[in-house]
Structure formats: structure tokens, C-alpha cells
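A.B. asks:
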């Protein structure tokens, strides 16, 4: 991916790149999980309502 190529070009150590990717994966999974989405939407609704 572009992101990986960019990280390598900057000379980022491989273990750091992998840690970044893991963090991204975790974030994406959390955003996709229904309970999280409902909580986030509920929180927004509470603030707006």
C-alpha cells in the first residue's frame, strides 16, 4: 500500500510499521463493532437532544 511504501521511504523500522498497522486494525474493528457504533450515536444523540 501507499502507506507502507511511505513509511519505508522515511526509514521507519519494520516493528514500528507493524505496530502502527495493528493500531489501525484495532481502531477499524472498534468502529465496525455495533455496540461501539450505537454508543457513539447514542452519545451524539444525547448531546444534540
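In my numbering, the protein residues as written are 11 to 59. Even for Gly, the Cβ is constructed at its ideal location relative to N, Cα and C.
Can you tell me which of the three DSSP states residue 44 falls into?
C.D. replies: The count along the chain shown starts at 1 and reaches residue 44 at position 34. If DSSP states are grouped into helix, strand and coil, residue 44 belongs with the helices.
A.B. asks: Looking at the structure shown, is residue 32 part of a helix, part of a strand, or coil, going by DSSP?
C.D. replies: Taking the chain shown and counting its residues from 1, the one referred to as residue 32 is at position 22. Of the three classes helix, strand and coil, the one that applies to residue 32 here is helix, per DSSP.
A.B. asks: Are the beta-carbon atoms belonging to residue 14 and residue 27 less than 8 Å from one another?
C.D. replies: Walking along the chain shown from the start, residue 14 turns up at place 4. Walking along the chain shown from the start, residue 27 turns up at place 17. In contact: residue 14 and residue 27 (Cβ atoms closer than 8 Å).
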